[in-house]
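S.K.:
2 protein chains.
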Amino acid sequence: MAGGAEIRELTVDLGERSYPILIGAGLLKRTGSLFAERGFPVKSPVLLVADSAVDGLYAGTVEESLKSAGYSVARAVVPSGEKSKSLAAFEELVTAALEAGLDRRSTVIALGGGVVGDLAGFVAASYMRGIRFVQMPTTILAHDSSVGGKVAVNHRLAKNIIGAFHQPEIVLYDLDTLKSLPPRDVRSGYAEMIKHGLIWDESFARWCDENAERLLALEPDALGRGLYEGCRVKSIVVSRDEKENDLRAILNLGHTIGHALEAVSHYGELLHGEAISIGMVGSARLAAKFGYGDELAAETERLLRKFGLPVRIPAGYDTDAIMSAMQHDKKFKEGSMVFVVPKRIGEVEIRGDVPVQWVRDIVEQLKEEAGKP
Amino acid sequence: MAGGAEIRELTVDLGERSYPILIGAGLLKRTGSLFAERGFPVKSPVLLVADSAVDGLYAGTVEESLKSAGYSVARAVVPSGEKSKSLAAFEELVTAALEAGLDRRSTVIALGGGVVGDLAGFVAASYMRGIRFVQMPTTILAHDSSVGGKVAVNHRLAKNIIGAFHQPEIVLYDLDTLKSLPPRDVRSGYAEMIKHGLIWDESFARWCDENAERLLALEPDALGRGLYEGCRVKSIVVSRDEKENDLRAILNLGHTIGHALEAVSHYGELLHGEAISIGMVGSARLAAKFGYGDELAAETERLLRKFGLPVRIPAGYDTDAIMSAMQHDKKFKEGSMVFVVPKRIGEVEIRGDVPVQWVRDIVEQLKEEAGKP
Ligand SMILES: NC(=O)c1ccc[n+]([C@@H]2O[C@H](COP(=O)([O-])OP(=O)(O)OC[C@H]3O[C@@H](n4cnc5c(N)ncnc54)[C@H](O)[C@@H]3O)[C@@H](O)[C@H]2O)c1
Ligand SMILES: NC(=O)c1ccc[n+]([C@@H]2O[C@H](COP(=O)([O-])OP(=O)(O)OC[C@H]3O[C@@H](n4cnc5c(N)ncnc54)[C@H](O)[C@@H]3O)[C@@H](O)[C@H]2O)c1
Ligand SMILES: [Zn+2]
Ligand SMILES: [Zn+2]
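Read top to bottom, the protein sequences are chains X and L. Position 325, counted from 1, in the first sequence is what the working numbering calls 325; the numbers after and before it change by one each time, with no gaps. Position 300, counted from 1, in the second sequence is what the working numbering calls 300; the numbers after and before it change by one each time, with no gaps.
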């Protein structure tokens, strides 16, 4: 494994929609030349979207790089946080795109975490029925959200319910940006990285376990390798099932309960990674009910705790509200509950026969145990 | 050519996204059995969308037919008119879909004209990133809008700017519904039918000319044949270029000026067909400037007048506002103006070299002549 300054590259293999992921230091200031190399039309304006935390830190560098390569750039800023994944913010960005004169050959850049990626991506998917899209992730969590083309905004009643599949042209992952990430978001991001180990790759899950401290300290080589491996698992799964007809659903490990917790917390109190961390513990407990043993849940919980992630439902949450939010989730299929259930570390299965009562029991347990150590 | 009671059928050929168009009398009450035949899952609720004019007339028949085939149906109603092609109406329909428990295997039905088709189609395209969609056109204009998968809503600054490509599973065109269509909408719908002749099929254009009276009187056989031929042209063009990379743009004849007029009239005063009727006269005048002779414009104008369609810009419209609305139109590409320009009846070309001044001159002319007979 080479040093931290290296650029790691991989390809998401989707036929004519294939695209590269570049992971490394110093990529922001190469944006303009990378656009030019790839033939992005210089006459068509670019919309650069960031949130209020990221804009001041990094958008200037990207804008400058694009301008020096001859591109005209309009910047748009949305408030930081999950609440910006709304139709209202979507509409504002469409207005910005129109005012900046974006045409059919223009590009929308998402510079930020999963919120900006999902939101700006849905703008790119819908503006003039779809224009170019570039992901520039600035959070650890976004190693997951920036790959695979799922873009969406939330509805008051359900998360990610309004969206599209719209693959980016390229993913530019500048590791330097992660230095400013708040520690809580660092931990939240690792929840999705651990998920990629749990669903697909036991040795990667073990590697995460062994390198937890280096990862939490953002040690460059560990960080680069972890993000690379996470993106690799994601892109293998997405390449085999772009539109989530079957296999891709395994990426939803922990998300049925997780999304419900996010909805009940009104998209604010729990971060996405925190919510799915709790959800993954719930799924591992389902596995126990299906006879895969209690060890899996204990092991999953230990790993998540090691990364400082929550593994219990905050006590104030209402069980009925959580259960009803799950009914609106996409994973609720024709009356019976569908869950991704782990079989062992590195392997999961999709089960459509999960009794609602089991889920309710586990939700209750995870709340009750919240008070205890 | 057989009698009016016959069901005409054609296929839009798009590989695995191919779908049939059925045109004839009495289809509404066959909806349920057609759904069952085609394997639409009976456990997943259906959302039936209509506007306030159509809902009371026809939605009951469709709902009953679906229910007797075992489907559960939720109905949603939007106000009649172009103003419903908005993000606000879109959001309301998503709420209705969530409240009705639509899942990934559910279907959205658009029962109505182009407004409901475009709006409900964008809901189907975006809900859970895309679910089944069925078009049940009830206007003449919708022979155009229901075929080809373009769905969209408007933005205050530009028409159809927010949308997707989302093909229906089937188009069910019940000719009985057209009997209640207001005469002005009958005429407006024929503008798109004439367009299909003008861009592709001289003999169809001549046939429309010869059969104008029978068409305006909704004589069943003429109506069935005209709609069939219009859909046929549309589906040939769409099959060859689904995503509008090149050929499909010819369907925009008259739409650059037309969309601008609609925007300036705040989506209300001019109907879509009326606006593009005026736009087609404008395009024919551009043809004259490119040296294709004055005859084409005179001939185009005569044909449209025969169908009672407007061929001049209402006097009060502001030229600057029209010109600026065109800049936001999708047909404005990288700084130069792109127009579909007729060469002769039945053939057009796409030109990217149209001087803005020519367009402005024609807009001015069409306004000045409005006062005259
Ligand atoms: N599309 C997908 O496939 C997919 C996959 C996983 C998650 N998601 C979505 O991703 C979202 C969560 O993403 P997230 O955790 O990145 O959230 P986020 O985008 O809100 O970013 C987290 C926080 O960090 C701040 N921030 C971002 N980059 C920073 C930086 N470099 N320096 C300082 N601060 C920075 C942001 O302002 C925000 O406050 C959720 O909405 C989730 O649904 C989508
Ligand atoms: N997607 C496409 O490819 C495409 C193509 C052409 C036009 N369009 C869009 O289509 C729209 C225009 O469509 P339209 O002209 O059908 O408008 P519309 O849907 O508003 O219908 C016209 C009027 O007729 C009423 N109506 C509809 N069916 C009726 C019936 N059977 N009996 C009585 N009243 C009835 C409606 O309430 C409305 O008032 C525009 O928004 C245009 O942009 C889209
Ligand atoms: Zn996630
Ligand atoms: Zn039209």
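Each residue gets a CB set at the ideal place from its N, CA and C atoms; glycine is no exception. Predicted model only: the values in this text are computed from it and were never measured.
#1: Classify S68 (chain L): buried if its beta carbon has 16 or more other beta carbons within 10 angstroms, exposed otherwise.
#2: Is I250 (chain X) near ligand 3, in the sense that its beta carbon is under 7 Å from a heavy atom of that ligand?
#3: State the beta-bridge partners of I362 (chain L) as determined by DSSP.
#4: Closest Cβ-Cβ distance between E91 (chain L) and chain X: below 8 Å?
#5: Please work out which residues of its chain come closer than 6 Å, Cβ to Cβ, to S65 (chain L), disregarding the five sequence neighbours upstream and downstream, and give them in chain order.
#6: Quick one: list the residues of chain L neighbouring I162 (chain X), beta-carbon separation under 8 Å, in chain order.
#7: By the DSSP assignment, the alpha helix (DSSP H) with A110 (chain X) in it spans what residues?
#8: Is A370 (chain L) near I322 (chain L), with beta carbons less than 8 Å apart?
#9: Between K150 (chain X) and chain L, is there a C-beta pair that is closer than 8 Å?
#10: Say the cut is 7 Å; is the CB of I177 (chain L) nearer than that to a heavy atom of ligand 2?
#11: Anything in chain L within Cβ reach of L157 (chain X), meaning under 8 Å, just list it in chain order.
#12: Counting contacts by CB-CB distance shorter than 8 Å, is L87 (chain L) in contact with chain X?
#13: What do you reckon, is the C-beta of E244 (chain L) under 7 Å from a heavy atom of ligand 4?
#14: Can you give the Cα-Cα distance for V153 (chain L) and D176 (chain L), rounded to whole angstroms?
#15: Among the residues of its own chain, which have a CB less than 8 Å from the CB of E9 (chain L), if the five just before and after it don't count?
#16: Within the present structure, is the beta-carbon of I276 (chain X) separated from the nearest heavy atom of ligand 3 by less than 7 Å?
#17: Can you check whether the C-beta of F165 (chain X) is within less than 8 Å of a C-beta belonging to chain L?
#18: Just grab the DSSP bridge partners of I21 (chain L) for me.
#19: Taking the alpha-carbon positions, what's the L251 (chain L) to A205 (chain L) distance?
#20: Nearest to A164 (chain X) by CA position, among X:K243, X:K179, X:S235, X:S146, is which residue?
#21: With a 10 Å radius around its C-beta and 16 neighbouring C-beta atoms as the bar for buried, classify P310 (chain L) as buried or exposed.
#22: Can you tell me which of the three DSSP states N154 (chain X) falls into?
#23: Using the three-state DSSP reduction, which class does K43 (chain X) fall into: helix, strand or coil?
#24: To the nearest angstrom, how far is it from the Cα of E63 (chain L) to the Cα of R75 (chain L)?
#25: CA-CA distance, L296 (chain L) and A288 (chain L)?
#26: Take the Cβ of V359 (chain X) as the centre, count every other Cβ of all protein chains shown within 10 Å, and call the residue buried at 16 or more, exposed below.
#27: Between which two residues does the alpha helix (DSSP H) holding F339 (chain X) run?
#28: Sorted by chain position, which residues of the same chain lie with C-beta nearer than 6 Å to V108 (chain L)'s C-beta, five sequence neighbours on each side aside?
#29: Hey, how far is the Cα of A217 (chain L) from the Cα of T319 (chain L)?
#30: Between D118 (chain X) and A88 (chain X), what straight-line distance do the alpha-carbon atoms span, to the nearest angstrom?
#31: Who are the Cβ neighbours of M1 (chain X) in its own chain at under 8 Å, not counting the five residues just before and after it?
#32: Considering only heavy atoms of ligand 4, does any lie closer than 7 Å to the CB of D103 (chain L)?
#33: Measure the alpha-carbon distance for V356 (chain L) versus V338 (chain L) and round it to whole angstroms.
#34: Please return the same chain residues whose Cβ sits closer than 6 Å to the Cβ of R351 (chain X), not counting the five positions on each side in sequence.
#35: Who are the Cβ neighbours of E269 (chain L) in its own chain at under 8 Å, not counting the five residues just before and after it?
M.R.: In this structure, then:
#1: Taking the second sequence and counting its residues from 1, one reaches residue 68 (chain L) at position 68. Exposed is the call here.
#2: Here residue 250 (chain X) refers to the residue found at position 250 when the first sequence is read from its first residue. Because no heavy atom of ligand 3 lies under 7 Å away, the Cβ of I250 (chain X) does not count as near it: no.
#3: If you number the second sequence from 1, residue 362 (chain L) lands on position 362. Looking at the DSSP assignment, I362 (chain L) forms no beta bridge with any residue, so it has no partner.
#4: Translated into positions along the second sequence, residue 91 (chain L) becomes position 91. Output row for E91 (chain L): interface = yes.
#5: Taking the first residue of the second sequence as position 1, residue 65 (chain L) is located at position 65. Non-local beta-carbon contacts of S65 (chain L) in its own chain, meaning distances under 6 Å to residues more than five positions away in sequence, involve K29, T31, G32 in chain order.
#6: Against the first sequence, residue 162 (chain X) aligns to sequence position 162. Near I162 (chain X) (Cβ distances below 8 Å), the residues of chain L are V94, S126, Y127.
#7: Counting from one through the first sequence, the residue named residue 110 (chain X) turns up at place 110. Run containing A110 (chain X): none in the alpha helix (DSSP H); it sits in the beta strand (DSSP E), 107-112.
#8: Translated into the one-based positions of the second sequence, residue 370 (chain L) becomes position 370. Translated into the one-based positions of the second sequence, residue 322 (chain L) becomes position 322. Not in contact: A370 (chain L) and I322 (chain L) (Cβ atoms no closer than 8 Å).
#9: Numbered from its first residue, the first sequence carries residue 150 (chain X) at position 150. Yes, its Cβ sits closer than 8 Å to a Cβ of chain L.
#10: Your numbering for residue 177 (chain L) matches position 177 in the second sequence. Sequence inspection shows Thr at residue 177 (chain L); the Ile mentioned does not correspond to that position. Correct: T177 (chain L) has its Cβ closer than 7 Å to ligand 2.
#11: Here residue 157 (chain X) is taken as the residue at index 157 of the first sequence, counted from 1. T95, L98, E99, listed in chain order.
#12: Start at 1 with the first residue of the second sequence, and residue 87 (chain L) comes out as number 87. Output row for L87 (chain L): interface = yes.
#13: Position 244 of the second sequence holds residue 244 (chain L). Not so, every heavy atom of ligand 4 lies at least 7 Å from the Cβ.
#14: Mapped onto the second sequence, residue 153 (chain L) falls at position 153. Mapped onto the second sequence, residue 176 (chain L) falls at position 176. Taking the straight line from one Cα to the other gives about 28 Å.
#15: As a position in the second sequence, residue 9 (chain L) is number 9, starting the count at 1. Cβ within range, chain order: P20, I21, L22, I23.
#16: Stepping through the first sequence from its first residue, residue 276 (chain X) is reached at position 276. Yes; taking the cut-off as 7 Å, the Cβ of I276 (chain X) has a heavy atom of ligand 3 nearer than that.
#17: The residue you call residue 165 (chain X) lines up with position 165 of the first sequence. Answer yes: the Cβ-Cβ gap between F165 (chain X) and chain L drops below 8 Å somewhere.
#18: The residue you call residue 21 (chain L) lines up with position 21 of the second sequence. In the DSSP output, where bridge partners are listed per residue, I21 (chain L) has L:L10, L:V171.
#19: Here residue 251 (chain L) is taken as the residue at index 251 of the second sequence, counted from 1. Here residue 205 (chain L) is taken as the residue at index 205 of the second sequence, counted from 1. When rounded, the distance between both Cα atoms is 15 Å.
#20: Within the first sequence, numbered from 1, the residue matching residue 164 (chain X) stands at position 164. Per the Cα distances, X:K243.
#21: Here the question's residue 310 (chain L) lines up with position 310 in the second sequence. Only buried fits P310 (chain L), as 16 or more other CB atoms lie within 10 angstroms of its CB.
#22: Counted from its first residue, the first sequence places residue 154 (chain X) at position 154. Residue state, collapsed to three classes: strand.
#23: As a position in the first sequence, residue 43 (chain X) is number 43, starting the count at 1. If DSSP states are grouped into helix, strand and coil, K43 (chain X) belongs with coil.
#24: Locating residue 63 (chain L) in the second sequence gives position 63, where the first residue counts as 1. Locating residue 75 (chain L) in the second sequence gives position 75, where the first residue counts as 1. C-alpha separation (whole angstroms): 8 Å.
#25: Along the second sequence, one-based indexing puts residue 296 (chain L) at 296. Along the second sequence, one-based indexing puts residue 288 (chain L) at 288. Looking at the two C-alpha atoms, the distance is approximately 8 Å.
#26: Residue numbering aside, residue 359 (chain X) sits at position 359 when the first sequence is read from its first letter. Burial call: buried.
#27: As a first step, residue 339 (chain X) is located in the first sequence; it is residue number 339 there, counting from the start. Premise fails: F339 (chain X) lies in the beta strand (DSSP E), 336-344, not in any alpha helix (DSSP H).
#28: Within the second sequence, residue 108 (chain L) is the residue found at index 108, counting from 1. L47, A120, V123, A124, F133.
#29: As a first step, residue 217 (chain L) is located in the second sequence; it is residue number 217 there, counting from the start. As a first step, residue 319 (chain L) is located in the second sequence; it is residue number 319 there, counting from the start. The alpha-carbon of A217 (chain L) is positioned some 36 Å away from that of T319 (chain L).
#30: Translated into the one-based positions of the first sequence, residue 118 (chain X) becomes position 118. Translated into the one-based positions of the first sequence, residue 88 (chain X) becomes position 88. Distance between the alpha carbons of D118 (chain X) and A88 (chain X) is about 14 Å.
#31: Residue mapping note: residue 1 (chain X) aligns to position 1 of the first sequence, counting from 1. In this prediction, M1 (chain X) scores a pLDDT of 39, lower than 50, which makes its location untrustworthy; the coordinate-derived value is nonetheless stated afterwards. Answer for M1 (chain X): D221, R225, listed in chain order.
#32: Within the second sequence, numbered from 1, the residue matching residue 103 (chain L) stands at position 103. No, the Cβ of D103 (chain L) stays beyond 7 Å of every heavy atom of ligand 4.
#33: Mapped onto the second sequence, residue 356 (chain L) falls at position 356. Mapped onto the second sequence, residue 338 (chain L) falls at position 338. Computed Cα separation, rounded: 10 Å.
#34: The residue labelled residue 351 (chain X) in the question sits at position 351 within the first sequence. Closer than 6 Å at Cβ, skipping near neighbours: F339, V341.
#35: Position 269 of the second sequence, counting from 1, holds the residue named residue 269 (chain L). The residues are P314.
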